[in-house]
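Enquirer:
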Amino acid sequence: MKRITKVVLILTAICLISVGAAAALFFMNEDYIRYSFDNPNYKNVDTFEKSLIENITDIEINSQSSDVFIKIIDSDEVTFNLTGYYAEGKYDEEIELSLINKNNKIIVDIVYKKPKILIGFNNQNIDLYVEIPKNYSQNLDLNVHSGKIQSKNLNLNKVEFSTDSGRINFEDVLAKEVLVESKSGSIYGEKIDSEKIDLNSFSGKIDVQKITGEISNIKTTSGNILLNRGNTEKLIVESFSGRIEIENFDSNEAKIKTTSGGIDLDRVNFENSHIESISGSIEGSNSFLNKIKTSSGRIELSGILINKNMDLKSSSGRISIDYLPGSSFNLMFDTNSGRLDKDFEGLIFEGGDKDVLVQTNSGSLSVNRF
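Take the sequence shown: its position 272, counted from the start at 1, is 256 in my numbering, and no numbers get skipped.
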């Protein structure tokens, strides 16, 4: 009886939603709705704006769905060219490119006038091309809703890119501050040199190569993080469920953390490190690390030259250490029910001038020459 009642309620809800949608379409004025089940006609867009760059300290660009392409040129003017097409009937009037130059700041907006509901095909392909003089060295703030951002060869004071669902590509960026954020779109970067780097994505992937700077703060919720070739004073990388992979990276201080995603480190040199995963595994090869912690994930270190104190902790995950010749350490293993497998006698190896402290509850420890 309960099952029948549940089915009736679901069917009733579906009927009410369908009736409501049909009524909304019926009573809507045709000024706000268009039917385009056949191939639509298209309207072309080609709008141009420009402004002298002298005394300008900020450039702000706002776009809904257009892709934005940034190019550096040899000029004394910044130019904006909106070009493409959209399905006829989608907008009441022409799409406009608005430029305001006030108080040493340029603000550019793409204005979509009176958008309608377009039933059937809903096509548009509109891009914004921005050309910035190479002698401009101040601030650039670019906000896009669903379009992508692409830029190269930026030498500025501050760079801010943000999208909701579009992809962000940037290359050869030299700036005091780089702030890049995307909710679901991916972030791809190469050759970033900045005092402060903040890269954030909710579900999109972050893939960056060649980072140089003071502080790098890189975070995702479920997207993966891939870093290759970098040198920073401080590195902070966090992901909730995404996997973190770091390769060929040097940092004086590193904090790498994930909840359920794994961590893979290859040829990294972290003078002071804190590597943590709750349930994901942590793998390090040919790397210098000193503090690693998991709850149920395993820890695997391969090709490690032990020349500094190390602190490894795991509740139930297995820990394995394959060390390089020339390592000198004093091994201290504290466990409740875990087992120790090793290829040398005693707990001191070659003098033991460095301490390797390993703590587990039920996880076992394996120590072998690489």
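Don't be surprised by glycine CBs; every beta carbon is placed ideally from N, CA and C.
(1) For a test of the three-state rule: what should DSSP assign to Ala7, helix, strand or coil?
(2) Look at Phe254 and Glu237 and say whether their C-beta atoms are less than 9 Å apart.
(3) How big is the Cα-Cα spacing for Lys338 and Leu315?
(4) Looking only at its own chain, which residues have a Cβ that is under 6 Å from the Cβ of Glu33, when we skip the five neighbours before and after it?
(5) Runs of 3 residues minimum, wholly inside the stretch 25 to 61: which ones carry the beta strand (DSSP E) assignment?
(6) Roughly how many angstroms separate the alpha carbons of Leu126 and Ser166, rounded to a whole number?
(7) In whole angstroms, what is the alpha-carbon distance linking Thr216 and Glu198?
(8) Would Ile283 and Asp295 qualify as a contact pair, given that the criterion is a beta-carbon distance under 9 Å?
(9) Around the C-beta of Val376, are 16 or more other C-beta atoms found within 10 angstroms, so that it is buried, or is it exposed?
(10) Could you pull out every residue in the same chain whose Cβ sits closer than 6 Å to the Cβ of Ser235, ignoring the five residues on either side in sequence?
(11) Apart from the five residues on each side of it in sequence, which residues of its chain come closer than 7 Å, Cβ to Cβ, to Gly322?
(12) Count the other CB atoms within 10 Å of the CB of Glu61; is the residue buried (16 or more) or exposed (fewer)?
(13) If you run the structure through DSSP and keep just helix, strand and coil, what is Gln122?
(14) Could you compute how far the alpha carbon of Asp42 sits from the alpha carbon of Lys180?
(15) Considering only the beta carbon of each residue, do Ser244 and Phe224 sit closer than 9 Å?
(16) Considering only C-alpha positions, which residue in the set Lys297, Asp306, Tyr307 is nearest to Leu341?
(17) Please return the same chain residues whose Cβ sits closer than 7 Å to the Cβ of Asn139, not counting the five positions on each side in sequence.
(18) Counting only the same chain and skipping the five closest in sequence on each side, list residues whose C-beta sits under 6 Å from that of Asp248.
(19) Which of helix, strand or coil does DSSP assign to Phe21?
(20) Could you tell me if Val351 is buried or exposed, where buried requires 16 or more neighbouring beta carbons within 10 angstroms of its beta carbon?
(21) Please work out which residues of its chain come closer than 6 Å, Cβ to Cβ, to Thr242, disregarding the five sequence neighbours upstream and downstream, and give them in chain order.
(22) Among Thr196, Val162, Asn46, Thr204, which has the Cα closest to the Cα of Asp177?
(23) In or out: Asn119 buried (at least 16 other Cβ within 10 Å) or exposed?
(24) Quick check on this structure: which residue in Ile202, His129, Asn137 has the alpha carbon closest to the alpha carbon of Val164?
(25) Starting from Asp148, trace the beta strand (DSSP E) in both directions and tell me its first and last residue.
(26) Candidates Asp30, Asp148, Gly310, Ser279: which alpha carbon is nearest Ile288's?
(27) I'd like to check one pair, Lys175 with Arg151: are the Cβ atoms closer than 9 Å?
(28) Taking the alpha carbon of Leu66 as the reference point, which residue from Lys86, Asn88, Glu115 has its own alpha carbon closest?
(29) Does DSSP put Asn370 in a helix, a strand or coil?
Expert: With the given structure in hand:
(1) Within the sequence shown, residue 7 is the residue found at index 23, counting from 1. Caution applies to Ala7, whose pLDDT of 48 falls short of 50 and renders its modelled position unreliable; the model cannot decide the point.
(2) Counted from its first residue, the sequence shown places residue 254 at position 270. Counted from its first residue, the sequence shown places residue 237 at position 253. With a cutoff of 9 Å on beta-carbon distance, Phe254 and Glu237 are scored as near each other.
(3) Counting from one through the sequence shown, the residue named residue 338 turns up at place 354. Counting from one through the sequence shown, the residue named residue 315 turns up at place 331. Their Cα atoms are separated by approximately 9 Å.
(4) Your numbering for residue 33 matches position 49 in the sequence shown. Cβ within range, chain order: Phe64, Leu81, Leu83.
(5) 26 to 36, 42 to 47, 51 to 57
(6) Taking the first residue of the sequence shown as position 1, residue 126 is located at position 142. Taking the first residue of the sequence shown as position 1, residue 166 is located at position 182. Roughly 12 Å separates the two Cα atoms.
(7) As a position in the sequence shown, residue 216 is number 232, starting the count at 1. As a position in the sequence shown, residue 198 is number 214, starting the count at 1. Inter-residue distance for Thr216 and Glu198 is about 5 Å (C-alpha atoms, whole angstroms).
(8) Here residue 283 corresponds to residue number 299 of the sequence shown, with the count starting at 1. Here residue 295 corresponds to residue number 311 of the sequence shown, with the count starting at 1. Contact flag unset, no.
(9) Residue coverage of the chain in this structure runs from -15 to 354, which leaves residue 376 outside it and unanswerable.
(10) Taking the first residue of the sequence shown as 1, we reach residue 235 at position 251. Thr216, Leu219, Phe254, listed in sequence order.
(11) Counting from 1 along the sequence shown, the entry for residue 322 is found at position 338. So the qualifying residues of the chain are Thr344, Ser346, Gly347, Ser348, Leu349.
(12) The residue given as residue 61 occupies position 77 in the sequence shown. By the 10 Å Cβ count, Glu61 comes out exposed.
(13) The count along the sequence shown starts at 1 and reaches residue 122 at position 138. Note: Gln122 maps to coil in three-state DSSP.
(14) Within the sequence shown, residue 42 is the residue found at index 58, counting from 1. Within the sequence shown, residue 180 is the residue found at index 196, counting from 1. Near 19 Å, if we compare the C-alpha coordinates of Lys180 and Asp42.
(15) Position 260 of the sequence shown, counting from 1, holds the residue named residue 244. Position 240 of the sequence shown, counting from 1, holds the residue named residue 224. Yes, the Cβ-Cβ distance between Ser244 and Phe224 is below 9 Å.
(16) For the purposes of this step, residue 341 is taken as the residue at position 357 of the sequence shown. It is Lys297 whose Cα lies nearest to the Cα of Leu341.
(17) For this step, residue 139 is matched to residue 155 along the sequence shown. Ser121, Leu158, listed in sequence order.
(18) The residue given as residue 248 occupies position 264 in the sequence shown. Hits under 6 Å: Glu229, Glu267.
(19) Reading the sequence shown from its first residue, position 37 is the one you call residue 21. For Phe21, the predicted model reports a pLDDT of 45, less than 50, meaning its position is unreliable and no value from the coordinates is stated.
(20) One-based indexing of the sequence shown puts residue 351 at position 367. Label assigned to Val351: buried.
(21) Stepping through the sequence shown from its first residue, residue 242 is reached at position 258. Within its own chain, the residues whose Cβ lies closer than 6 Å to the Cβ of Thr242, once the five positions on either side in sequence are excluded, are Ser223, Ile228, Ser261, Gly264, listed in chain order.
(22) Here residue 177 refers to the residue found at position 193 of the sequence shown. With distances taken between Cα atoms, Asp177 lies closest to Thr196.
(23) To locate residue 119, count along the sequence shown from 1; it is residue 135. Asn119 should be labelled exposed.
(24) Counted from its first residue, the sequence shown places residue 164 at position 180. Checking every option, the nearest Cα to that of Val164 belongs to Ile202.
(25) Taking the first residue of the sequence shown as position 1, residue 148 is located at position 164. Segment: none, Asp148 is in no beta strand (DSSP E) and carries neither H nor E.
(26) Position 304 of the sequence shown, counting from 1, holds the residue named residue 288. Closest option to Ile288, Cα to Cα, is Gly310.
(27) Here residue 151 refers to the residue found at position 167 when the sequence shown is read from its first residue. Here residue 175 refers to the residue found at position 191 when the sequence shown is read from its first residue. Cβ distance not < 9 Å, so Arg151 and Lys175 don't count as in contact.
(28) The sequence position of residue 66 within the sequence shown is 82, counting from 1. Of the listed residues, the one whose Cα sits closest to Leu66 is Glu115.
(29) Residue 370 is absent from the structure shown; the chain starts at -15 and stops at 354.
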